[in-house]
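Going down the list, the protein sequences come from chains A and B.
The numbers in this note's numbering rise by one with no breaks, and the one at position 36 of the first sequence is 268.
The numbers in this note's numbering rise by one with no breaks, and the one at position 173 of the second sequence is 405.
For each residue, glycine too, the CB sits at the ideal point set by N, CA and C.
None of these values were measured; they are calculated from a predicted model.
Number of protein chains: 2
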Amino acid sequence: MNKELDKTVCTNVEWVGRAHCDRCHIRRLMFFSELPDSAFEHLLQPVDQFIHAAGSTIFEAGTRKKFIYSIRRGMVKLVHTAEDGTNRIVRLIGPGSAIGLELLDGADSYHHSAIAINQVDLCKIPVPTVEQLESEYPELYQHVVQQLQDQLDLADQWIVALGAGTAKQRVAQLLLVLDKFFAENNDEFILLSREDMAAMIGIAVETVSRMIAEFKRQKILYKTDNNLYTCNTAELLKIAQQD
Amino acid sequence: MNKELDKTVCTNVEWVGRAHCDRCHIRRLMFFSELPDSAFEHLLQPVDQFIHAAGSTIFEAGTRKKFIYSIRRGMVKLVHTAEDGTNRIVRLIGPGSAIGLELLDGADSYHHSAIAINQVDLCKIPVPTVEQLESEYPELYQHVVQQLQDQLDLADQWIVALGAGTAKQRVAQLLLVLDKFFAENNDEFILLSREDMAAMIGIAVETVSRMIAEFKRQKILYKTDNNLYTCNTAELLKIAQQD
DNA sequence: TGATATCATTGAGAATCATCAGTTTTCTGA
DNA sequence: TCAGAAAACTGATGATTCTCAATGATATCA
């Protein structure tokens with residue numbers, strides 16, 4: 233199912249500059265939210281800021297790098313690739329969340345591949361720096377625990393909502409998830425590719441397409457802009473939960 | 233799918249006694265593994281030990297209790313129940329793992345119900361006691377992080393292995409998961425009820441039964457004892473991964 | 001802007017799975 | 001040890017979904 237996703241891996245990454253966490257205007261939303269300004273005076277290794285183009289790979293599963301990434305803007309998909317090349321999307325990660333946290337507790341390589349869905353703005357934080365700050369500021373542990381718990385909740389939601397039911401129900405659930413996830417201020421959201429959606433709910437691409445097309449015809453889902461969509465949440469909920 | 237699991241909730245719970253963590257012979261496997269004996273001299277609230285009979289509920293989703301549980305022996309299923317009564321098993325938890333960790337970071341109630349699969353031997357640890365020990369011994373945070381990361385890995389494995397593929401592939405994957413999970417020393421494992429298996433992989437009970445029966449006929453799965461089974465791992469892997 | 005590649009949609013037939021109903025097996029308690 | 005209940009298994013049928021193939025729409029780039 234869904235083989236050879238991303239045949240042409242575009243590695244379009246732009247270095248934006250050294251991060252100055254003490255002057256970061258969104259720090260209270262980010263990985264170092266609990267730390268005082270003074271914490272960043274003597275970092276073991278510096279934090280850098282990057283912009284990843286849509287489709288570019290942030291890290292690949294199994295790679296032995298030593299960085300975690302705090303997402304400032306954009307959406308990242310965590311992908312598991314099986315031996316036969318089958319891809320499965322395990323989680324979507326948005327602004328304020330961190331990826332690569334497995335490195336903080338002994339894992340020697342990333343557990344998934346992380347790929348930018350749209351343009352992603354992120355901070356690249358060396359693991360030794362995190363460990364240094366953890367030992368100096370135990371409150372950072374609290375934040376890591378919070379992050380992991382949030383991601384565990386997401387994974388559970390994924391299992392419950394996207395892992396059972398008919399194809400139509402799963403697509404409806406997925407749209408509800410996307411709506412809640414992307415819609416920060418407005419209620420528009422980016423509709424993912426059929427391939428990505430299929431890789432999330434474990435059904436064929438054509439089936440996803442059929443369901444999406446049907447929802448569009450029924451005006452449950454409508455395009456507002458380029459590839460921005462809005463949906464009728466109430467109607468989707470009814471579909472998702474019907475017996 | 234799989235409605236009215238556990239119509240007769242047996243709440244057979246036996247108090248074994250106050251836990252003396254400083255003298256616990258398996259502490260290095262348990263939640264307080266990193267702490268010194270002296271840590272337990274002045275606990276805010278005591279830790280108690282219980283035995284739960286198979287099928288009994290350890291806690292129910294949404295309950296506002298203030299305890300986490302460290303599993304000493306036996307298997308626990310974490311169950312999500314939808315509004316319509318549909319049950320979905322989100323995770324299996326075994327010895328050395330802890331449940332209810334969501335309470336440690338602000339959640340005011342359990343996210344799932346926890347039900348004993350076989351006889352479960354556990355320690356009931358009050359949240360204030362954990363918080364006390366966390367502030368005195370920051371290394372306990374490390375352990376919580378480890379626990380959460382382990383459970384996140386389990387959840388991801390669940391999504392990848394049990395969420396896609398044909399019914400036969402999913403059942404094969406599930407048997408492999410059970411084999412790896414239950415088989416501590418020997419290679420026998422408890423075969424769950426068809427209802428539980430269906431609730432894990434999101435297919436109909438009858439379909440699970442058909443697949444299991446087929447595996448038995450093909451001698452890929454054989455009963456060794458009461459309801460202990462052994463499986464041909466290589467053969468199951470082949471089935472699980474075939475195109 | 002037009003050519004081309006990629007993605008989304010649709011159709012049709014085959015394969016898979018859910019459902020309902022009935023049978024067999026296993027478990028449980030008197 | 002036996003009767004009754006629960007769980008597991010099986011068969012038949014219809015609905016759903018996958019697969020293969022073709023067409024339409026959209027994006028990209030020279």
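Contact set for residue i: own chain, Cβ-Cβ below 7 Å, skip 5 residues either direction
i: LEU462/A; result: Going by the sequence as given, residue 462/A is Thr instead of Leu. So the qualifying residues of the chain are ASP419, GLU420, TYR454 and THR456.
i: TRP390/A; result: ARG323
i: ASP402/A; result: Strictly speaking, residue 402/A in this sequence is Arg, with Asp absent from that position. Same-chain partners within the cutoff: LEU394, ILE433 and ILE435.
i: LEU380/B; result: LEU333
i: ALA399/B; result: ILE435, THR439 and MET443
i: LYS297/A; result: PHE291
i: GLY326/B; result: ILE303, MET307 and PHE413
i: LEU335/A; result: LYS298, ILE300 and VAL359
i: ILE471/A; result: LYS400, GLN401 and ALA404
i: CYS242/A; result: Residue confidence is low: CYS242/A scores 43 on pLDDT, short of 50, so the model does not pin down where it sits. No coordinate-derived value is stated.
i: ILE258/A; result: ARG304
i: LEU423/A; result: ASN459 and TYR461
i: CYS256/A; result: MET262
i: PHE272/B; result: CYS253 and ASP254
Status (buried if at least 16 other CB within 10 Å, exposed otherwise) for residue i
i: ASP269/B; result: exposed
i: LYS239/A; result: Summary for LYS239/A: the model assigns pLDDT 36, below 50, so the residue's position carries little reliability; its value from the coordinates is reported in the next sentence. Exposed, since its Cβ has fewer than 16 Cβ neighbours within 10 Å.
i: SER345/A; result: buried
i: THR318/B; result: buried
i: SER425/B; result: exposed
i: ARG304/B; result: buried
i: ILE452/A; result: buried
i: GLN474/A; result: exposed
i: LYS356/B; result: buried
i: SER288/B; result: buried
i: ALA466/A; result: exposed
i: ASP428/A; result: buried
i: LYS448/B; result: exposed
i: GLU366/A; result: buried
i: ALA396/B; result: buried
i: ALA348/A; result: buried
i: LEU383/B; result: Here residue 383/B is Gln; the residue named in the question, Leu, does not match the sequence. By the 10 Å Cβ count, GLN383/B comes out buried.
i: LEU310/B; result: buried
i: LEU407/B; result: buried
i: LEU468/B; result: buried
i: ALA330/B; result: buried
Nonlocal neighbours in the same chain, by C-beta distance under 6 Å from residue i, ignoring five residues either side
i: LEU276/B; result: PRO360, THR361 and GLN364
i: LEU410/B; result: PHE421
i: HIS312/A; result: ARG320, VAL322 and HIS344
i: ASN244/B; result: ALA285 and SER288
i: LEU460/A; result: GLU420
i: ILE283/B; result: GLU246, VAL248 and ASP353
i: ASN464/A; result: ILE452
DSSP bridge partner residues for residue i (one or two, in chain order)
i: GLU246/B; result: ILE283/B
i: PHE421/B; result: TYR461/B
i: VAL352/B; result: HIS284/B
i: ILE357/B; result: ILE300/B
i: ALA466/B; result: ALA466/B pairs with nothing; no bridge assigned.
i: SER345/A; result: VAL311/A
i: ARG320/B; result: HIS312/B
i: ILE331/A; result: TYR301/A
i: ILE325/B; result: VAL308/B
Contacts around residue i, its chain only, beta-carbon distance under 8 Å, and the 5 residues preceding and following it disregarded
i: ALA387/A; result: VAL322 and ARG323
i: GLU236/B; result: For GLU236/B, the predicted model reports a pLDDT of 37, less than 50, meaning its position is unreliable; a value from the coordinates is still stated below. GLY317.
i: GLY294/A; result: SER341 and TYR342
i: GLN351/A; result: ILE283, HIS284, ALA285, ALA286, ARG305 and GLY306
Original post:
Quick one: complete beta strand (DSSP E) runs, 3+ long, within the segment 374-408 of chain B?
Top reply: Fully enclosed beta strand (DSSP E) runs of 3 or longer: not present.
**OP:** Please specify which runs of the alpha helix (DSSP H), each continuous and at least 4 residues long, are wholly inside the segment 423-463 of chain A, giving them in chain order.
**Re:** 426-433 and 437-449
**OP:** Check whether the segment 271-288 of chain A touches the segment 246-254 of chain A, taking contact to mean three or more Cβ pairs, one atom from each stretch, closer than 8 Å.
**Re:** Cβ pair count under 8 Å is three or more, so yes.
Original post:
What are the start and end residues of each continuous beta strand (DSSP E) run of 3 or more residues lying completely inside the segment 273-316 of chain B, in chain order?
Top reply: 280-284, 289-291, 299-305 and 308-313
Original post:
On the three-pair Cβ rule with 8 Å, is the segment 255-272 of chain A touching the segment 309-317 of chain A?
Top reply: Remark: fewer than three beta-carbon pairs, one from each stretch, lie closer than 8 Å, so the segment 255-272 of chain A and the segment 309-317 of chain A are not flagged as touching.
**OP:** Pair every Cβ in the segment 373-388 of chain A with every Cβ in the segment 371-385 of chain B, then say whether three or more of these pairs are closer than 8 Å.
**Re:** yes
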